[in-house]
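Just so we're aligned: the sequence shown equals residues 891 to 1105 in the working numbering. Here the structure comes first, spelled out in structure tokens, and everything after it is commentary.
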Amino acid sequence: MKQFIIGIKEGMTQIFGDKGVVIPVTVVRAGPCVISQLKTEEKDGYNAVQIAFEDKKKNRTIKPEAGLFKKIGVAPKKFLKEFRVETTEGLSVGDVITCETFKEKDIVDVTANTKGRGYAGVIKRWNFARGTMSHGNSRAHRAPGSLGANSDPSRVFKNKKMSGHYGNEQVTIQNLAIVGVDKDKNCILIKGGIPGPNGALVVIKNAVKNNGGAK
891 MKQFIIGIKE GMTQIFGDKG VVIPVTVVRA GPCVISQLKT EEKDGYNAVQ
941 IAFEDKKKNR TIKPEAGLFK KIGVAPKKFL KEFRVETTEG LSVGDVITCE
991 TFKEKDIVDV TANTKGRGYA GVIKRWNFAR GTMSHGNSRA HRAPGSLGAN
1041 SDPSRVFKNK KMSGHYGNEQ VTIQNLAIVG VDKDKNCILI KGGIPGPNGA
1091 LVVIKNAVKN NGGAK
């Protein structure tokens, strides 16, 4: 069965594994999440589970969402996320999903938005080399250089590496191992780093392509 949960990235630390080996981990405060809606193929054309996470103030909730949460009898939530599933059998609105959905050595895919770095030049964004600092280079040390277009075709080709918005893109890291689950603190310890700054929304689900188990 498909497993999934959403949470908040708390930061990175390290734990000691077998034989005193240091393991870098990312701490994610995952859940508890409540199932806020079920979609079925007969009614909606596909099967999906919508889950909600993190309480928020009632006066910051729009009316359609307020009605949804009032119907299922829970406090308004800040985050809503929908997951496609093969079947919704065995699930019902109001069920709670906790971090115990996953266990140690599970292999998961983690999705989050990377850190936003604003408008960046080509050196920071694409790792271009800096121009020469010698005599004759006037105020072009960090410039991108020629864009390569003559009178024909008289345009810049699509996907040309240039300055622009850097970061704040959705990224998925596949096949990460869970090295610990703390049910008392609703935390999942994931081996290695994951995208996003501390406080970012994180989506965790069982891996699509399993690499053969945790190592």
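Backbone N, C-alpha and C define an ideal beta-carbon position, used for all residues, glycine too.
Cβ contact check for the stretch 1076–1096 and the stretch 1033–1043: 3 or more pairs under 8 Å: no
On the premise that V975 lies in contact with V1092, defined as a C-beta separation below 8 Å, what is that separation, rounded to the nearest angstrom? Incorrect: roughly 20 Å between the Cβ atoms, too far for contact.
S1044 CB to nearest chain C CB: under 7 Å? Absence of chain C from the displayed structure is noted, only one protein chain being present.
Excluding sequence positions up to five away, which residues of its chain have a Cβ less than 8 Å from the Cβ of A1002? K899, Q1060, V1061, I1084, P1085, G1086, A1090, L1091, V1092 and V1093
In chain order, what residues of the same chain lie with their CB nearer than 8 Å to the CB of A1030, ignoring the 5 residues before and after it? G1021
Is it true that the stretch 966–974 meets the stretch 923–936, where meeting means three or more beta-carbon pairs spaced less than 8 Å apart? yes
In whole angstroms, what separates the C-alpha of G1008 from that of Y1056? 6 Å
Can you say whether S941 is buried or exposed, counting buried as having 16 or more other CB atoms within 10 angstroms of its CB? Reading the sequence as shown, one finds Ile at residue 941 and not Ser. Result: buried.
Nearest CA to the CA of V912: which residue from A920, M902 and R919? M902
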